[in-house]
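Here's the structure, in structure tokens; my notes come after.
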Amino acid sequence: MLADLLETLKTTPEKLIDRHHEGDEVLMSLVREAAAERDMSPREYLAMAVGNFVDSTSESDWLPIAQRLHQQDDPERSCMHEIVRSQIERDRR
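So in my numbering, the last one in the sequence shown is 96, and the numbering has no gaps at all.
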């Protein structure tokens with residue numbers, strides 16, 4: 004399942020974006036706030052965050068990420084939260 008999640012992130016991130024754009028209120032409250040600061044829609048911000056995460060994560064980094072997420076109750080949700088948090092941290096630098 005985790006391999007599928009990481010493959011989805013790399014190849015068809017819009018599937019994850021669509022799923023989380025509506026359903027995860029905690030995530031989306033972070034996204035809405037960060038998107039407003041950049042004058043973007045929440046969906047655009049989420050797409051940018053996923054793209055930046057995939058572009059900046061080397062192949063050797065995927066395994067530790069997968070192992071860490073595998074320990075979570077909802078790996079997909081945890082992954083999206085991690086992606087958004089990393090983008091927000093990047094924005095603040």
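Cβ coordinates follow ideal geometry from the N, Cα and C atoms, glycine included.
DSSP places Gln75 outside both helix and strand once states are collapsed to three, so it counts as coil.
Segment contact: the segment 26-43 against the segment 60-79, fewer than three CB-CB distances shorter than 8 Å; contact not assigned. Put simply, the backbone Cα of Ala38 is about 27 Å away from that of Asp64.
Judged by DSSP secondary structure, Asp27 falls outside any alpha helix (DSSP H); it is assigned neither H nor E.
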